[in-house]
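S.K.: Residue numbers (the working numbering), protein chains in the order written: chain A, 1000 to 1094; chain B, 380 to 610.
All C-beta atoms in this analysis are idealised placements derived from N, C-alpha and C, irrespective of residue type, glycine included.
As the structure is a prediction and not an experimental result, all values here were calculated from the model.
Starting off with a structure, shown below.
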């Protein structure tokens, strides 16, 4: 939007402005026709954001569970040699 | 103690469960690379939109510069009496709201002021016309770019979630491998399969024996029957 003011000669100026528009109405109509686009047609029609959010939430929960499982590695390591022996014994029992 | 054992068993069972669905590192890499490419596609799409709208803007500006404005200026020179103003013959009367014959000196300050008024409106008209033809295009471009941005961000976010999840599965697998190493049971699954296979072979052998014995019994029965008949 222009910040420029029309000045004191706005009245005759506006009349000239409208007159020019009327004289070139056909040209302008053609110009608008040639330089217009239905932007809605170009808009990507992807799935609803709500559906995405819900699915992402569920996957994130599953990811967190996996991350927690990987943290168990540290806990097992912290058990030390005794932990390894104990786990071996358990495995033997399972076998 | 019982708690530790049960927890360890759960952990080991989890390892076995995950072992069944392995995630090669290439899967994580492919998902990550796809995410990068989606971002590149978005940039390209966005640039295409900007260039397309810029082209339409330039066409409209060209119309203003080549057609509309020259026509307007021609009319404005006539209606705005530029010639008379420039010669100092006419000045703008604020009280009457129109151009009037200059009553005093042709080079008076009022003459310059009137010339300035004429130019001010000429510049104003150019800007107003440009606004009227470009505003809708600018608005449409903004809306389309926002929509495309939202769509791509949504897809990028979803892909990133999938990549993270696949990566977490990889992490668990690595731990599983470590745990197998520690427990020296890397080939446990193979051993189990092999044991089951041996058991199956043994079972088949036993079954063959039973079939042979069954045949012997049948032969013996036939011999007894034959012997009984001759008696």
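Could you give the DSSP three-state label for residue 469(B): helix, strand or coil?
M.R.: As a position in the second chain, residue 469(B) is number 90, starting the count at 1. Strand, per DSSP.
S.K.: My output table needs one value for residue 550(B): the three-state DSSP class, helix, strand or coil.
M.R.: One-based indexing of the second chain puts residue 550(B) at position 171. Residue state, collapsed to three classes: helix.
S.K.: Return the CA-CA distance between residue 512(B) and residue 527(B), expressed in angstroms with no decimal places.
M.R.: Taking the second chain and counting its residues from 1, one reaches residue 512(B) at position 133. Taking the second chain and counting its residues from 1, one reaches residue 527(B) at position 148. Between residue 512(B) and residue 527(B), the C-alpha separation is close to 24 Å.
S.K.: For residue 478(B), which beta-bridge partners are listed by DSSP?
M.R.: Residue 478(B) sits at position 99 when you count from the first residue of the second chain. DSSP lists 471(B) as partners of residue 478(B).
S.K.: Run through DSSP, which three-state label would residue 494(B) get?
M.R.: Position 115 of the second chain, counted from the start, is the residue given in the question as residue 494(B). It is helical.
S.K.: Identify which residue in 425(B), 445(B), 514(B) has its Cα closest to the Cα of residue 1000(A).
M.R.: Walking along the first chain from the start, residue 1000(A) turns up at place 1. Closest by alpha carbon: 514(B).
S.K.: Can you give me the Cβ contacts of residue 496(B) inside the same chain, cut-off strictly under 6 Å, excluding the 5 residues immediately before and after it?
M.R.: Residue numbering aside, residue 496(B) sits at position 117 when the second chain is read from its first letter. Excluding residues within five positions, the ones whose Cβ falls inside 6 Å are 471.
S.K.: With 8 Å as the threshold, decide whether the Cβ of residue 1025(A) is near any Cβ in chain B.
M.R.: Walking along the first chain from the start, residue 1025(A) turns up at place 26. Output row for residue 1025(A): interface = no.
S.K.: Tell me whether residue 571(B) is buried or exposed, calling it buried when 16 or more other Cβ atoms sit within 10 Å of its Cβ.
M.R.: Counting from 1 along the second chain, the entry for residue 571(B) is found at position 192. Low confidence applies to residue 571(B): its pLDDT is 48, below 50, so where it sits in the model is not reliable enough to give any reading.
S.K.: Taking contact to mean 3 or more Cβ pairs, one atom from each stretch, closer than 8 Å, check whether the region 534-542 of chain B and the region 1044-1054 of chain A are in contact.
M.R.: Cβ pair count under 8 Å is three or more, so yes.
S.K.: If you reduce the DSSP assignment to three classes, tell me which class residue 1047(A) lands in.
M.R.: Translated into the one-based positions of the first chain, residue 1047(A) becomes position 48. Residue 1047(A) falls in the coil class under three-state DSSP.
S.K.: Quick one: which residues of the region 442-474 of chain B get their C-beta closer than 7 Å to a C-beta of chain A? List them in chain order.
M.R.: Hits within the stretch, in order: 442, 446, 447, 450, 451, 454, 455, 458, 459, 471, 473.
S.K.: From residue 584(B) to residue 602(B), what does the alpha carbon distance come to, in whole angstroms?
M.R.: Stepping through the second chain from its first residue, residue 584(B) is reached at position 205. Stepping through the second chain from its first residue, residue 602(B) is reached at position 223. When rounded, the distance between both Cα atoms is 27 Å.
S.K.: What separation, rounded to the nearest whole angstrom, lies between the Cα atoms of residue 385(B) and residue 1069(A)?
M.R.: The residue given as residue 385(B) occupies position 6 in the second chain. The residue given as residue 1069(A) occupies position 70 in the first chain. Because residue 385(B) sits at a pLDDT of 46, beneath the cut-off of 50, its placement in the model cannot be relied upon, and the point is left open.
S.K.: Rank 591(B), 543(B), 529(B), 502(B) by C-alpha distance to the C-alpha of residue 452(B) and give the top, closest one.
M.R.: Taking the second chain and counting its residues from 1, the one referred to as residue 452(B) is at position 73. Nearest option by C-alpha distance: 502(B).
S.K.: With a cut-off of 8 Å on the beta carbons, I'd call residue 499(B) and residue 464(B) a contact; round off their distance for me.
M.R.: Locating residue 499(B) in the second chain gives position 120, where the first residue counts as 1. Locating residue 464(B) in the second chain gives position 85, where the first residue counts as 1. That pair is no contact at about 12 Å.
S.K.: Between residue 1053(A) and chain B, is any beta-carbon pair separated by less than 8 Å?
M.R.: If you number the first chain from 1, residue 1053(A) lands on position 54. False, the Cβ-Cβ gap to chain B never drops below 8 Å.
S.K.: State the start and end residues of the unbroken alpha helix (DSSP H) segment that holds residue 449(B).
M.R.: Here residue 449(B) refers to the residue found at position 70 when the second chain is read from its first residue. Note, residue 449(B): alpha helix (DSSP H), 448-458.
S.K.: Quick one, which residues of the region 500-519 of chain B are near chain A if we go by CB-CB under 7 Å, in chain order?
M.R.: Cβ contacts with chain A: 500, 502, 503, 504, 506, 507, 510, 519.
S.K.: Out of curiosity, what's the CA-to-CA distance linking residue 1003(A) and residue 507(B)?
M.R.: Counting from 1 along the first chain, the entry for residue 1003(A) is found at position 4. Counting from 1 along the second chain, the entry for residue 507(B) is found at position 128. When rounded, the distance between both Cα atoms is 9 Å.
S.K.: Do you know offhand how far residue 419(B)'s Cα is from residue 1036(A)'s?
M.R.: Working through the second chain from its first residue, we reach residue 419(B) at position 40. Working through the first chain from its first residue, we reach residue 1036(A) at position 37. Spanning the two alpha carbons is a distance of roughly 25 Å.
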